Amino acid sequence: MKKLLILTLFISCLTLQADNTSSNTLDSYTDEVVINNIPLSYNIEILGSNSRFVADLLDARVSIRNKDRHQHNLEYKFIWYDVGGFEMAKQYSKWKKVAIDSKDTIVLKSLAITPKIDSFKVYIRGISN
């Protein structure tokens, strides 16, 4: 049976309220990461996030590390929001596959497609081989 783990990271370049139901929270200067899935968070550590505007487009990055001695196959997608909190460019938010080797660190990144976007969420889930 394929066991699906969903890890929710909430990242914003604006100051947002923390989710009081989250199991782990990491705050950086202007970004906030909330992990809601406990099983996957035992093996995948969120090292930090950063975002910046490049030519009026939001460039978002999240660094993750595999704490486990086994490789993990993951899927992730960025969800984009405007200043009012409305989801934008929904048709472009597709799941992307990535493998993270044992004890390795990788950066998940994406660039917004319109200048109207100023915040985002990243969803990460584990997948079976």
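Residue 1116 in our numbering sits at position 48 of the sequence shown, with consecutive numbering throughout.
Built from N, CA and C at the ideal position, the CB exists for glycine as well.
In this text the structure is predicted, and so the values were computed from the model without any measurement.
Where do the N-terminal and C-terminal ends of the beta strand (DSSP E) with Asp1127 fall, by residue?
Where Asp1127 is concerned, the enclosing beta strand (DSSP E) stretches over 1125-1134.
Just the Cα atoms here: how many angstroms apart are Thr1182 and Ile1192?
Spanning the two alpha carbons is a distance of roughly 23 Å.
If you follow the beta strand (DSSP E) that Gly1152 is part of, which residue opens it and which one closes it?
Careful: Gly1152 lies outside any beta strand (DSSP E) and carries neither H nor E.
When you compare each of Ile1147, Asn1118, Lys1164, Asn1111 to Ala1157 by their alpha carbons, which one comes out closest?
Each of Ile1147, Asn1118, Lys1164, Asn1111 was checked against the Cα of Ala1157, and the nearest Cα belongs to Ile1147.
DSSP-derived helix/strand/coil call for Leu1094:
Because the pLDDT of Leu1094 is 46, which lies under 50, any placement of that residue in the model is unreliable, and the number read from its coordinates should be weighed accordingly. Under the three-state reduction of DSSP output, Leu1094 falls in the strand class.
Would you give the residue range spanned by the beta strand (DSSP E) that Ala1167 belongs to?
Per DSSP, Ala1167 is one residue of the beta strand (DSSP E) stretching across 1164-1168.
Cα separation between Ile1074 and Tyr1110?
Unreliable placement is indicated for Ile1074, whose pLDDT of 28 sits below 50; the coordinate value is still reported in the next sentence. Using only the alpha carbons, I get a separation of about 13 Å.
Hey, how far is the Cα of Val1122 from the Cα of Ile1185?
Between Val1122 and Ile1185, the alpha-carbon positions lie close to 12 Å from each other.
Compare the Cα-Cα distances from Gln1139 to each of Ser1187, Ile1112, Asp1150, Ala1180 and report the closest residue.
When the alpha-carbon of Gln1139 is set against those of Ser1187, Ile1112, Asp1150, Ala1180, the nearest one is in Ile1112.
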